[in-house]
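Spelled out as structure tokens, the structure:
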């Protein structure tokens, strides 16, 4: 939802995803410690995800108001 088809998620974001979709912060931080140049891409990914969640919240509220 938050990234386009031509964008690649930084590896730190991928290693930090649990099978249920939750985040494993320790794995993200360990990966960033080994590869700190990923930090800008990881921040962009987080900002994009937050924006996408904001849109989803507004859509859900709009749908709920119709019911």
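Numbering (this note's numbering), first residue to last: 173 to 239. Here a beta-carbon is modelled for each residue, glycine too, at the ideal position from N, C-alpha and C.
If you drop the 5 nearest sequence neighbours on each side, which residues of the same chain put their C-beta closer than 6 Å to that of residue i?
i	result
residue 187	199, 203
Decide if residue i is buried, meaning its Cβ has at least 16 other Cβ atoms within 10 Å, or exposed.
i	result
residue 214	buried
residue 162	Nothing in the structure corresponds to residue 162, since the chain is present only between 173 and 239.
residue 180	exposed
With a threshold of 8 Å on Cβ separation, who are the neighbours of residue i within its own chain once the five nearest residues in sequence on each side are excluded?
i	result
residue 223	174
With a threshold of 8 Å, are at least 3 pairs of Cβ atoms found where one atom belongs to the region 178-185 and the other to the region 207-220? yes
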